[in-house]
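There are 2 protein chains.
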Amino acid sequence: MRLTRYTDYALRVMIHLGVNEGRLVSIAEIARAYDISQNNLMKVVQDLGQAGFVETIRGRAGGIRLARPATEINVGRLVRHTEAGFMVADCAHCPIAPACGLTGVFAEAIQAFLGVLDRYAVADLLDQRSQLAALLARTVEPCGGE
Amino acid sequence: MRLTRYTDYALRVMIHLGVNEGRLVSIAEIARAYDISQNNLMKVVQDLGQAGFVETIRGRAGGIRLARPATEINVGRLVRHTEAGFMVADCAHCPIAPACGLTGVFAEAIQAFLGVLDRYAVADLLDQRSQLAALLARTVEPCGGE
């Protein structure tokens with residue numbers, strides 16, 4: 004069972020911004036930190052901005068930051084936003100969908116899944132903040148030596 | 004959030020066999036009913052057989068059937084079997100995995116998801132059995148009209 008790459012990237016962005024709360028971060032820095040494509044991140048960040056999860060400051064000294072304190076950004080709400088639809092199986096192409104008992108069971112299971120995420124804020128994901136900062140910085144600024 | 008196609012197919016097989024409980028069914032019939040590849044189904048059915056969910060009767064009059072009554076086959080147990088690993092995000096390729104708070108949150112959310120499935124048997128998915136049978140048969144025996 005997999006969340007979409009879109010959700011995966013959105014969560015990585017929020018964690019990176021949470022670890023670096025208080026300073027503006029560039030998309031390039033986040034892309035380097037996770038070794039992922041900057042183009043893929045652009046769309047995610049733009050969407051997170053439009054949805055009010057992150058704030059974009061334009062200009063040479065600009066960058067992005069969390070739109071609210073990490074303690075106030077709910078993980079369940081974020082994942083509900085990025086996982087539009089939450090179709091656990093390919094019911095759209097299944098001929099028995101109109102009568103299938105799995106539809107209700109899956110809906111109930113997804114609510115239970117999201118109910119757990121609803122209990123956490125982005126700040127709760129940062130308990131090991133100093134280790135996270137070190138892991139993220141390791142990729143941004145390679146130490147060069149062994 | 005998506006279950007693997009493997010799980011999707013396994014659930015379709017179990018529902019088809021549940022609807023047709025009491026008679027032997029061929030893989031070809033299941034493939035036609037759902038309009039999916041017989042080759043893809045073969046591996047799933049073989050695995051379900053090895054895991055004790057279905058029973059294969061060889062020979063000309065052979066076929067497959069549920070290994071136990073549909074009331075006794077737990078959906079959670081089945082999905083735990085087919086979804087080996089249950090990695091909700093691509094943590095394996097994420098540099099912050101060792102310190103990331105999502106690991107524990109996801110583990111908790113997955114348990115909640117599976118906890119719901121644990122409350123259902125395959126028989127519970129067949130409440131609309133006659134409608135399911137009609138939908139499955141429609142593809143097997145096209146009516147020829149229209």
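Residue numbers (this note's numbering), protein chains in the order written: chain A, 4 to 149; chain B, 4 to 149. We put the beta carbon where it would ideally sit given N, CA and C, even for glycine.
If you ignore the 5 residues before and after Leu135(A), its C-beta comes within less than 8 Å of the C-beta of Ile18, Val22, Leu129, all in its own chain and listed in chain order. Contact between Phe116(A) and Ala112(B) holds: CB atoms are separated by about 5 Å, below the 8 Å threshold. For Gln114(B), the closest alpha carbon among the candidates Thr74(B), Leu139(B), Gly79(B) is that of Gly79(B). The C-beta of Ile30(B) comes no closer than 8 Å to any C-beta of chain A.
Chain B places no beta carbon closer than 8 Å to that of Ile67(A), leaving this residue out of the contacts. Cα atoms of Pro98(B) and Tyr37(A): separation of roughly 6 Å, rounded to the nearest angstrom. Closest option to Arg63(A), judged by alpha-carbon separation, among Leu139(A), Ser29(A), Leu138(A), Thr10(A): Ser29(A).
DSSP places Val57(B) in the uninterrupted beta strand (DSSP E) bounded by 57–60. In this structure Ile33(B) is buried. Its beta-carbon is surrounded by 16 or more other beta-carbon atoms within 10 angstroms.
Interface annotation, Pro72(A): not in contact with chain B, CB-CB separation never under 8 Å. Residue pairing by DSSP places Leu44(B) in no beta bridge whatsoever. Ala124(B) and Asn42(A) have their C-alpha atoms roughly 45 Å apart. Of the candidates Leu44(A), His84(A), Arg35(A), the residue whose Cα lies closest to the Cα of Phe56(A) is His84(A). Secondary structure of Leu138(A) (DSSP, three-state): helix. Residues of chain B whose Cβ lies closer than 7 Å to the Cβ of Arg61(A) do not exist; the shortest such Cβ separation is about 28 Å.
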